[in-house]
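These notes are about the structure you will find just below.
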Amino acid sequence: MFLGKILVGYDGSESSKKALSFALQIAKSFGSKVTILSVMHAPEFNQDMEFALEREKIVSDLKWAMEKAAEEKVELEVKTEMGDPADRILKLAKEGNFDLVVLGRRGLSRVGYWLTGSVSERVLRHSPCSILIVE
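Numbering-wise (full-length UniProt numbering), the sequence shown opens with residue 1 and increments by one.
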């Protein structure tokens, strides 16, 4: 099995950090390139301060991810988008012709789980490629 391109859904949660670490180990073994995708929800009216804080946290979390990839000597591409995390992951997985999507089982948003189901569950059901969900 050739794993040239690995996509990791990354929200800075402990679960997504474990997923990234696992993906980096796979990439190191197979010589794969890793892309991490961090998705923010678009700000709603009068939420500028919350959006700024979320953006600041994501930047900090992405720095950790880049340092981890550098330690492992794995090529890493970072993408950030706005929208629904599952939709954005599925779209990029398809358009980018990824070989594997790696996700943590639980992310930061518990409210979103009750409203729409977990991101990992939705990606698992609709992914155009293989999925690895890390506990």
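Heads up, the beta-carbon is just placed ideally off N, CA and C, and yes, glycines get one too.
task = Indicate whether the contact test is met: 3 or more Cβ pairs, each with one atom in the segment 51 to 63 and one in the segment 82 to 89, closer than 8 angstroms.
result = no
For K28, the three-state DSSP class (helix, strand or coil) = helix
task = Please specify which runs of the alpha helix (DSSP H), each continuous and at least 4 residues long, are wholly inside the segment 43 to 90, giving them in chain order.
result = 48 to 72
query = Based on the DSSP secondary-structure assignment, which residues constitute the bridge partners of L124?
reply = Paired residue(s): none; L124 is not in a bridge.
message = Tell me the rounded alpha-carbon separation between K17 and F2.
response = 24 angstroms
inquiry  = For D122, which residues in the same chain have their Cβ closer than 6 angstroms to its Cβ, ignoring the five residues on either side in sequence?
reply    = In the sequence on display, residue 122 carries Arg and not Asp. Correct list, in chain order: A86.
query = Do you know offhand how far S130's Cα is from K73's?
reply = 24 angstroms
inquiry  = Which of the three DSSP states is assigned to L92 in this structure?
reply    = helix
inquiry  = I need the straight-line Cα distance from M40 to V78, nearest angstrom please.
reply    = 14 angstroms
inquiry  = Using the three-state DSSP reduction, which class does S13 fall into: helix, strand or coil?
reply    = coil
inquiry  = Which residue wins for smallest C-alpha separation from D84, given the options I6, G4, K5 and D11?
reply    = D11
task = Drop a sphere of 10 angstroms on the beta-carbon of A27, count the other beta-carbons inside from all chains shown, and report buried for 16 or more, exposed for fewer.
result = buried
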